[in-house]
Each structure stands twice: as structure tokens, then as C-alpha cells.
Amino acid sequence: MSEHPDSPQEHPEAVARSGAGKLFDVRTVIGGLFVVYGVLVGVAGLFPTEEGLAKAQGININLWTGLAMLVLGGLFLLWVRLRPLETPEIPGQED
Numbered sequence: 619m620s621e622h623p624d625s626p627q628e629h630p631e632a633v634a635r636s637g638a639g640k641l642f643d644v645r646t647v648i649g650g651l652f653v654v655y656g657v658l659v660g661v662a663g664l665f666p667t668e669e670g671l672a673k674a675q676g677i678n679i680n681l682w683t684g685l686a687m688l689v690l691g692g693l694f695l696l697w698v699r700l701r702p703l704e705t706p707e708i709p710g711q712e713d
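Position in the sequence shown (first residue = 1) + 618 = the working numbering.
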């Protein structure tokens with residue numbers, strides 16, 4: 619039997635593109651979103667209203683939630699930095 623015409627052996631550039639696609643790391647997106655939303659919620663917590671504090675029984679919930687989101691986003695970004703994805707090696711292709 620013959621190989622499928624679109625097999626990776628016949629199109630090494632397709633293999634390279636699919637390898638580059640695997641380098642997309644969702645941890646970066648999640649960490650970035652947590653940092654951005656943490657800043658927005660934290661800034662809202664810097665200017666609390668009396669009504670908002672009364673609803674939360676005197677706790678500045680926006681400030682604490684914003685700080686927690688910043689920490690979580692920072693941990694995700696640190697995780698990406700300390701354990702990056704490795705580029706997959708393509709067999710038979712030299713630089």
C-alpha cells in the first residue's frame with residue numbers, strides 16, 4: 619500500500635508547523651488573564667463603597683480577591699518560566 623499523499627514524511631514543513639503549534643502554552647493565557655483581572659478587581663478594592671463593605675460584612679472583598687488573583691496569575695506565569703515547553707525534535711531534519 620502507498621502512503622497517504624499528505625503524510626508528514628512527504629511534507630516536513632507541515633511537521634514543523636504542527637510542532638510550532640504545540641508550543642502554544644495555555645498557562646501563559648490563563649496567568650495573563652488572572653493578572654489583568656486581578657489588577658482590575660484590586661483597583662476596585664482600593665476605592666470601596668460603604669454599601670459594598672456593608673454587603674461583605676466589613677471585609678474589602680474586592681481587594682482581597684484582586685490580590686489572590688494577582689498571586690495566582692503570577693504563579694502560572696512563574697510556572698511557565700520555570701518549566702517551559704520543549705521544542706519537539708523532528709527526526710531527519712537538520713539545522
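All residues carry an ideal CB built from backbone N, CA and C; glycine is no exception.
Problem set entry | Whole-angstrom distance between Trp682 and Lys673, CA atom to CA atom | C-alpha separation (whole angstroms): 15 Å.
Exercise. Under a three-way DSSP split, which group does Gly676 fall into?
Worked result: In this structure, Gly676 counts as coil in the three-state DSSP scheme.
Exercise. Which of helix, strand or coil does DSSP assign to Ile708?
Worked result: Ile708 falls in the coil class under three-state DSSP.
Problem set entry | Cut-off 7 Å between Cβ atoms - residues of its own chain near Val659, not counting five sequence neighbours on either side | Asn680, Thr683, Gly684, Met687.
Exercise. CA-CA distance, Leu693 and Phe652?
Worked result: CA-CA distance, Leu693 to Phe652, rounds to 10 Å.
For this session: Apply the 10 Å Cβ neighbour rule to Gly710 and answer buried if 16 or more other Cβ atoms are within range, or exposed otherwise.
Result: Counting every other CB atom within 10 Å of its CB across the protein chains shown gives Gly710 a total below 16, marking it as exposed.
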